[in-house]
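Please read the structure below before turning to the comments.
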Amino acid sequence: MTTNTPPTSGVQLIEVAPELAGQRIDNFLITALKGVPKTLVYRILRKGEVRVNKGRVKPEYKIQAGDIVRVPPVRLPERDEPVPVAQALLQRLEAAIVYEDKALIVLNKPAGIAVHGGSGLSFGVIEALRQLRPDAKELELVHRLDRDTSGLLMIAKKRSMLRHLHAALRGDGVDKRYMALVRGHWPTSKKQVNAPLQKSNLRSGERMVEINDEGKDALTLFRVLRRFGEFATMVEARPITGRTHQIRVHTLHAGHMIAGDSKYGDEDFTREIRELGGKRLFLHAYALTVPLPDGGELKIEAPVDEMWAKTVERLSAS
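Using UniProt numbering, read the sequence shown as starting at 1 and increasing by one per residue.
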């Protein structure tokens, strides 16, 4: 393999050596461009910026001895620069924005995406939004959702909005409502769970939350939305306090665990829901009412994803 320019500084023309013949072009580039993120390799291939013998090729193209591969200039991220977020995820999050103005973004966060990087994750929603909105220099999460919980998530674009919403969250100005699919027959008369919560870390480092009299006050209001015989109930949960894992631990305390909850759930119930196609945590932040600084009020509802909807459809038919 011979190159006529140093890596990443400008256009490279690489002649394929005989011993490399038969390799896929994507794998060839990943090896040739050491340190360049794979997402960037696939992006330059997809955009047609990589040419073989002056023609475009697909990632599965197999290189031949003597091929001349033209590689465009690629820039390595600086050591402290954020990892670029995959284009597909950026597009998914852009499509998930349900409200945006000069000071606030509200997103219908998909299940399985963390709100921020950390714990082995290089990025989350906030890092992705900073790439999507590079001009919004003050983007900050207003509150959090667990990685596996879907639904409405607020991101402030201005510090003044962040302060306003934090004050509203500390008071009773923000109304957040969740839907949860729980095991068994939730009694209509059970309208609240009031049980203090305390965080604890296991030896593995995993964070768990448990009911403990020495913990912080925690109150969740519940309402039955729909029944599936004695097998399951769809409930609305309205957390009055905002403790970590609050709804998940309060439903466990009530004896009606949430489907798909690997920490606080019931394995048999989760397995039966998975068999219906429900391979996720069935907790979704579906409704939000927040006071705006101008005295107005923002009311938003977010639909569930296709997997949730189809699982509930199958559940009602079974």
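Cβ atoms here follow ideal geometry from the backbone N, Cα and C, with glycine treated the same way. On a predicted model such as this, the values are computed, not experimentally measured, just so you know.
Cβ distance (whole Å) where residue i is taken to contact residue j below 8 angstroms
i: I113; j: V98; result: That belief does not hold up - the Cβ atoms of I113 and V98 are roughly 15 angstroms apart, past 8 angstroms.
i: K157; j: A96; result: Not really, about 16 angstroms apart at Cβ, beyond 8 angstroms.
i: V52; j: I44; result: No, V52 and I44 are not in contact; Cβ-Cβ is about 13 angstroms, not under 8 angstroms.
i: A218; j: T241; result: 5 angstroms
i: R56; j: G48; result: 4 angstroms
i: R314; j: G277; result: 6 angstroms
i: G151; j: A285; result: 3 angstroms
i: residue 333; j: H253; result: With the chain running from 1 to 318 in the structure shown, residue 333 is simply not present.
i: A165; j: V290; result: It is Leu, not Ala, that sits at residue 165 in the sequence shown. About 7 angstroms; that satisfies the 8 angstroms criterion.
CA nearest to the CA of residue i, picked from the options
i: P239; options: A309, R177, L90 and L132; result: R177
i: V304; options: P18, L202 and A111; result: A111
i: A17; options: I68, H166 and L288; result: I68
i: T311; options: V290, D268 and A259; result: A259
i: V74; options: R248, K263 and A32; result: A32
i: L129; options: A168, T149 and L93; result: L93
i: M257; options: V290, A302, L181 and E230; result: L181
i: V174; options: R133, A287 and H250; result: A287
i: E230; options: W186, E15 and G117; result: W186
i: Q64; options: Y42, E19 and D101; result: E19
i: L89; options: H250, L202, T289 and F123; result: F123
i: R207; options: R183, K62 and V249; result: V249
i: I10; options: T39, G117, P37 and R70; result: A quick correction: the sequence has Gly, not Ile, at residue 10. Closest option to G10, Cα to Cα, is R70.
i: L141; options: K279, A309 and I155; result: I155
i: P196; options: G215, K137, D268 and G151; result: G215
i: D101; options: L139, K109, Y42 and L145; result: L139
i: L169; options: H143, V36 and N194; result: H143
i: A307; options: E297, L292 and K279; result: Looking at the sequence shown, residue 307 is not Ala but Met. Cα-wise, what sits closest to M307 is K279.
i: Y61; options: D266, G22 and R271; result: G22
i: V115; options: Q87, D146 and P134; result: D146
i: F228; options: F269, S318 and G295; result: S318
Bridge-paired residues (DSSP) for residue i
i: H284; result: S150 and M179
i: E290; result: The amino acid occupying residue 290 in the given sequence is Val; Glu does not appear at that position. Answer is L298, bridged to V290.
i: residue 331; result: This structure does not reach residue 331, given that the chain is present from 1 up to 318, and the question cannot be answered.
i: Y99; result: V106
i: Q12; result: V71
Cutoff 6 angstroms; reference residue i; Cβ partners in own chain excluding five residues on either side
i: S316; result: none
i: L107; result: A96, I97 and L153
i: S26; result: The residue asked about is misnamed: residue 26 is Asp in this sequence, not Ser. P59.
i: R188; result: The sequence as given places Thr at residue 188; Arg does not occur at that position. Contacts found: V224.
i: M161; result: A103 and L104
i: A136; result: K157
i: Y42; result: none
Own chain partners of residue i with C-beta closer than 7 angstroms, once the 5 adjacent residues on each side are dropped
i: T244; result: K199 and V209
i: L281; result: A111, D148, T149, I258, G260 and D261
i: G117; result: F123, G124 and E127
i: K38; result: I30
i: T251; result: A180, V182, M257 and I258
Close beta carbons around residue i, own chain, < 8 angstroms, minus the five adjacent residues each side
i: N4; result: Model confidence at N4 stands at a pLDDT of 40, short of 50, so the residue's coordinates are unreliable; what they give is reported in the following sentence. Within the same chain, N4 has close Cβ partners Q12 and L13.
i: K191; result: L221, F222 and R223
i: D172; result: I240
i: M1; result: Note on M1: pLDDT 47, under 50, position unreliable in the model; the coordinate value appears next. Closer than 8 angstroms at Cβ, skipping near neighbours: I14, E15, V16, A17, L20 and A32.
Neighbour flag for residue i against chain C, beta carbons, 7 angstroms
i: M234; result: Judged by its chain identifiers, the structure shown contains no chain C, having just a single protein chain.
Of all the beta strand (DSSP E) runs that stay within the bounds of the stretch 188-259, which reach a length of 3 or more residues? 192-194, 197-201, 207-211, 219-228 and 232-239
Whole runs of the alpha helix (DSSP H) within the UniProt domain "RNA-binding S4" (23-82), excluding any shorter than 4 residues: 25-32 and 38-46
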